[in-house]
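The block underneath contains the structure these notes are about, expressed in structure tokens.
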């Protein structure tokens with residue numbers, strides 16, 4: 001399956017109006033808690049793209065690296081039960097493993 005490779009999570013996110021309605025302090029607290037949880041679980045941000053200016057469907061696209069599939073189970077629970085992220089963000093995610101592009105087309 002993943003042969004103990006890190007898991008890559010690609011996400012597409014749209015910020016909901018409810019997030020914009022939060023006070024600056026509430027927004028900061030939400031983002032701080034979310035970031036602390038991800039850092040504790042070993043997540044690395046590989047890329048985050050702000051596409052609000054060019055895309056009507058998604059505000060952000062991101063690519064993260066997680067140490068294992070098990071490490072992804074906890075943020076799902078945390079985001080749903082503690083942060084209630086579903087109230088503030090709509091998202092779509094894809095999981096995979098990294099592959100080299102060096103040999104592409106060189107066969």
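Residue numbers (UniProt numbering): 1 to 107.
Even for Gly, the Cβ is constructed at its ideal location relative to N, Cα and C.
- Between residue 47 and the set 12, 102 and 36, the nearest pair of CA atoms involves 12.
- Between the alpha carbons of residue 59 and residue 89 lies a gap of roughly 10 Å.
- The three-state secondary structure of residue 90, taken from DSSP, is strand.
- For residue 56, the closest of 43, 5 and 15 by C-alpha to C-alpha distance is 15.
- Of all alpha-carbon atoms in 87, 101 and 96, the one lying nearest the alpha-carbon of residue 21 is that of 87.
- Here residue 83 carries a coil assignment [DSSP, helix/strand/coil].
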